[in-house]
Amino acid sequence: MQTKEKIAQFRGKHYFLSNFYTADVVYGGIRFENNEAAFQAQKQPERAHEFADLPPNEAKRLGRRVKLRPNWESVKQEAMEGVVRAKFDQHPKLREQLIQTGDAELVEGNNWGDTYWGVCFGKGRNELGKILMKVRRDLQSASLKC
């Protein structure tokens with residue numbers, strides 16, 4: 424039985440999968456420097472412009488300090504998927520790199536305790552990885568139709 428390839432963390436040649444990767448993205452009519460900034464901005468959309476020019480670490484820091492919108496827990500998955508789709512829709516080279524990961528399992532492995540979006544020391548939901556695999560499937564299907 425052949426085991427499926429697993430990309431266990433978004434570093435090195437797979438860093439492009441990370442939300443910290445520098446690739447400008449337009450989301451909600453605002454141009455952000457990276458996906459982390461675009462995602463964190465969704466926590467309080469009326470302050471989104473404050474996130475636009477921030478590097479990812481500063482965007483994450485500000486995102487921890489803003490008052491979360493009342494429906495955050497019910498919209499954060501949708502927000503993450505929208506931001507991820509925007510990145511790969513707006514960057515053909517990155518889109519091709521994502522498609523080239525084939526059917527590999529994509530795991531946002533980390534050591535900073537994120538067990539919702541990723542996996543830390545073998546534990547976690549890996550929601551970012553799941554979204555990336557969903558977007559990849561959609562892009563692979565679309566490329567077959569062309």
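Numbering-wise (our numbering), the sequence shown opens with residue 424 and increments by one.
Where a beta carbon is used, it is the ideal one built from N, C-alpha and C, also for glycine.
Inset, instruction - Could you tell me whether the Cβ atoms of F443 and A502 are closer together than 8 Å? - result: no
Inset, instruction - Assign G541 to one of two classes, buried (16 or more other C-beta atoms within 10 Å of its C-beta) or exposed (fewer than that). - result: buried
Legend entry - Residue span of the alpha helix (DSSP H) that contains E428, given as start and end: No residue range can be given for E428, since it is assigned to no alpha helix (DSSP H) and is classified by DSSP as neither H nor E.
Inset, instruction - Could you work out which residue in R518, V489, E531 is closest to S566 when comparing CA atoms only? - result: R518
Inset, instruction - Identify every residue that forms a DSSP beta bridge with G536. - result: Beta-bridge pairing links G536 to no other residue.
Legend entry - Buried versus exposed, by CB contacts within 10 Å (16 or more), S441: Classification for S441: buried.
Inset, instruction - Count the CB pairs spanning the region 498-512 and the region 549-560 that are closer than 8 Å, and state whether there are at least three. - result: yes
Legend entry - D512 in three-state terms, based on DSSP: It is helical.
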